[in-house]
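In full-length UniProt numbering, the protein residues as written are 1 to 215.
Structural data, given as structure tokens:
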């Protein structure tokens, strides 16, 4: 069977994302204006907060505003956030740390229905053909924009549940290795930052073997 991501086995399905997920664009400027932002309140996720390392938060609102925005714009673990305005091919998954945070106006929230693996959808969204589809369906302008209607219509290829599980397990294992390698790189960079100034100050030079052993 031919699909957006190429040929797949005949027992796989193709559906629209909106059939399998709740697609919720962020609040409009009248619903959540920048004047509502406060320091130290309930975090709100904006487009710029979504990146390769996950989801951060640069702004927040008070409890009264948060209560008004819930439950419609509340985030739950497993939700997938798209960038709605800006680099629209970016997305990230909400973790337990971001539970009960709020969806900002420049993002779109995807919440998988019970019979669909959110982890699988997150993997699917990284496929080059899917990334290309997102780019092609982004409205061009001063600020590129992706709307909820386009997201709902995106073709979603669904393998059997067992295959979805296998894909997510492999992706999880690879992500764990990536994080481990990043930790090693950071530790090695820190070691270099400590050693070079010492050596430039005339302190005894460590041998290559000792540096490798300490790292």
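Heads up, the beta-carbon is just placed ideally off N, CA and C, and yes, glycines get one too.
Source: prediction; values computed, not measured.
Cβ neighbours of residue i in the same chain (closer than 8 Å, five flanking residues each side left out)
i          : result
residue 66 : 41, 42 and 102
residue 63 : 41 and 42
residue 77 : 94, 95, 96, 98 and 99
Own chain partners of residue i with C-beta closer than 6 Å, once the 5 adjacent residues on each side are dropped
i           : result
residue 90  : 50 and 83
residue 145 : 85 and 139
residue 150 : 137
Same chain only: Cβ atoms within 7 Å of residue i, ignoring 5 sequence neighbours per side
i           : result
residue 74  : 100 and 102
residue 55  : 45, 49, 81, 92, 94 and 98
residue 174 : none
Residue i vs residue j beta-carbon contact at 9 Å
i           : j           : result
residue 129 : residue 18  : no
residue 61  : residue 36  : yes
residue 107 : residue 143 : no
residue 59  : residue 148 : no
residue 57  : residue 16  : no
residue 93  : residue 119 : yes
residue 105 : residue 26  : yes
residue 155 : residue 3   : yes
Which residues DSSP lists as bridging residue i, in chain order
i           : result
residue 60  : 38 and 43
residue 112 : 21
residue 50  : 55
residue 16  : 155
Distance between residue j and residue i (C-alpha atoms, nearest Å)
i           : j           : result
residue 157 : residue 172 : 20 Å
residue 168 : residue 46  : 27 Å
residue 192 : residue 181 : 16 Å
residue 185 : residue 199 : 21 Å
residue 122 : residue 38  : 31 Å
residue 187 : residue 197 : 16 Å
Burial state of residue i, where buried means 16 or more other Cβ atoms lie within 10 Å
i           : result
residue 10  : exposed
residue 134 : buried
residue 95  : exposed
residue 109 : buried
residue 112 : buried
residue 116 : buried
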